[in-house]
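Peer 1: One structure, pasted below without further comment.
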Amino acid sequence: MPHAHTHSLEDNLSAAAQWCAKRGEKLTEQRREVLALLLSAPGSVKAYDLLAAIQKQKPTAAPPTVYRALDFLVAAGLAHKLESKNAFVACCDFEHPHHGVMLICNQCHTVKELTDPVLEARLAEDAKAWGFSVAPQDIEVKGLCANCRHGDGEAQA
-4 MPHAHTHSLE DNLSAAAQWC AKRGEKLTEQ RREVLALLLS APGSVKAYDL
46 LAAIQKQKPT AAPPTVYRAL DFLVAAGLAH KLESKNAFVA CCDFEHPHHG
96 VMLICNQCHT VKELTDPVLE ARLAEDAKAW GFSVAPQDIE VKGLCANCRH
146 GDGEAQA
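Here my numbering is used: position 142 in the sequence shown is 137, and no number is missing along the way.
So this is what it looks like as structure tokens:
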């Protein structure tokens, strides 16, 4: 099932704070700021790009601040790390822990997240048949989005 962030930024941040509270954790100002940047981005964002955005308001912000926030957001299920790009995206369905299927456009770099419990169950079942225990991870699928396939996407480096 495709999912998108359909609520306002503030609604998403409020839901994330409630999710953290349910888990006995806190969405601190720094974590909230990083999550807001991820939620506002059309695609994945690298840690140093997040740092540059934060430094516009807080010039003394340092890399460990961003990395700690990202580590927390991923561990809490609020964000996904795209291993192939060494970048991050906000999770579209954090209240339902899952392995996301990330559709990554090779041309414009947009990222769409799918959740598919049937696919997850099938992968786990097939892995179990081989005696393999699947670790939590996302699946990255690269290709071209509809806009780029039809020539409407912007090429980005």
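Each residue gets a CB set at the ideal place from its N, CA and C atoms; glycine is no exception.
The structure presented is a predicted model; accordingly, all values stated were derived computationally and were not measured.
(1) Compute the distance between the beta-carbons of F83 and L8, then report whether it is under 9 Å.
(2) Using beta-carbon positions only, say whether L30 and L77 come within less than 9 Å of one another.
(3) Would you list the one or two residues that DSSP bridges to V40?
(4) Whole angstroms is fine: what's the gap from R26's alpha carbon to L65's?
(5) Which of helix, strand or coil does DSSP assign to C143?
(6) Is the beta carbon of A71 closer than 9 Å to that of E20?
(7) Which residue spans inside the region 109 to 141 form an unbroken beta strand (DSSP E) run of at least 3?
(8) So for C100, helix, strand or coil by DSSP?
Peer 2: Here's the rundown:
(1) On the sequence shown, position 88 is the one that residue 83 refers to. On the sequence shown, position 13 is the one that residue 8 refers to. No, these two residues do not count as a Cβ contact at 9 Å.
(2) By one-based count along the sequence shown, residue 30 stands at place 35. By one-based count along the sequence shown, residue 77 stands at place 82. No, they are not a contact pair.
(3) Start at 1 with the first residue of the sequence shown, and residue 40 comes out as number 45. Answer is F83, bridged to V40.
(4) Locating residue 26 in the sequence shown gives position 31, counting from the first residue. Locating residue 65 in the sequence shown gives position 70, counting from the first residue. Roughly 7 Å between the two C-alpha positions.
(5) Taking the first residue of the sequence shown as 1, we reach residue 143 at position 148. Correct three-state label for C143: helix.
(6) For the purposes of this step, residue 20 is taken as residue 25 along the sequence shown, with counting starting at 1. For the purposes of this step, residue 71 is taken as residue 76 along the sequence shown, with counting starting at 1. For E20 and A71, yes; Cβs fall inside 9 Å.
(7) 134 to 138
(8) Numbered from its first residue, the sequence shown carries residue 100 at position 105. Three-state DSSP puts C100 in a strand.
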